[in-house]
Structure formats: C-alpha cells, structure tokens
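Okay, structure first, notes after.
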Amino acid sequence: MSAFDDFARRVLDGAADLARDFLKKGADEAREDADDFLRRSEEKLRRWAAALAEGKLKPDEFAFLVNSQKDLAELAALTRLGITQIELERFRQKLIGLVIDVALDTFL
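Residue 6 is where the sequence shown starts when you use the working numbering, and the numbers rise one by one after that.
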C-alpha cells in the first residue's frame with residue numbers, strides 16, 4: 006500500500022469517526038463524502054503531499070493549500086441525511102482539519 010493510499014484510508018476512517026462523535030449519525034455518509042472530496046482533490050493532494058514529504062512545502066503552507074480546497078467537500082450524502090447547514094459547515098471544517106492532520110502524520 007502506498008503512503009497516499011494509507012493516508013486516504015485513514016481519512017475515510019477518521020471521517021466516519023467524526024460523524025459518529027460529532028453528528029451522532031451518518032458514519033457511512035461521512036465516509037462517502039470524504040471519499041468524494043479525496044477523489045476531487047486527489048491530483049493536488051498527491052502533488053502537495055509529495056512536496057511536503059520532500060520538504061518543499063512547510064506544514065502551514067500545506068494546510069493553507071488544503072483549506073483552499075474546502076469548497077470541494079460538498080457533503081452531499083450528509084445533506085441528504087438532513088444534517089443542518091451549520092452542522093455541515095462545522096463538519097466540513099473538521100474534515101479539512103482531519104485531512105491536514107493525517108497528511109502531516111503520514112508524509113512528515
């Protein structure tokens with residue numbers, strides 16, 4: 006398994022845990038939405054993760070770049086579940102934070 010595949014698996018597992026802990030429901034939907042975000046962002050995330058691992062990006066620069074992609078986290082599955090907009094935005098922020106934390110742990 007590549008480092009990126011391990012990163013993606015950890016993000017998906019973490020998204021399900023976030024939904025269980027934060028939303029109290031929607032673990033499968035959160036995993037689906039996280040997978041959608043990773044697919045939409047994969048090319049950039051791979052490039053940025055490689056730059057991070059090579060020391061070409063600092064952690065704060067990586068975090069800034071990932072945050073710039075947050076609009077790609079549409080959270081359609083959680084929306085269909087009836088999660089409120091406020092909860093969705095909070096979850097989106099937590100998901101982006103998870104992506105950053107897991108990437109720093111995986112690639113540094």
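The beta carbon of each residue, even a glycine, is placed where N, CA and C say it ideally should be.
7 angstroms Cβ shell around residue i - same chain, five flanking residues per side excluded
| i | result |
| --- | --- |
| residue 28 | 88, 92, 96 |
Residue i versus residue j - alpha carbon distance
| i | j | result |
| --- | --- | --- |
| residue 86 | residue 32 | 11 angstroms |
| residue 18 | residue 36 | 7 angstroms |
| residue 103 | residue 6 | 20 angstroms |
| residue 101 | residue 21 | 14 angstroms |
| residue 63 | residue 55 | 12 angstroms |
Proximity to residue i [Cα-Cα], best of the options
| i | options | result |
| --- | --- | --- |
| residue 43 | 111, 71, 90 | 71 |
| residue 114 | 99, 67, 94 | This structure gives no information on residue 114, because the portion of the chain shown stretches from 6 to 113. |
| residue 12 | 30, 53, 25, 24 | 53 |
| residue 50 | 106, 98, 9, 94 | 9 |
Cβ neighbour criterion (16 or more within 10 Å) applied to residue i
| i | result |
| --- | --- |
| residue 38 | buried |
| residue 46 | buried |
| residue 34 | buried |
Where residue i falls: helix, strand or coil (DSSP)
| i | result |
| --- | --- |
| residue 79 | coil |
| residue 87 | coil |
| residue 74 | coil |
| residue 59 | coil |
Other residues of its chain near residue i: CB distance less than 6 angstroms, five sequence neighbours each side excluded
| i | result |
| --- | --- |
| residue 58 | 112 |
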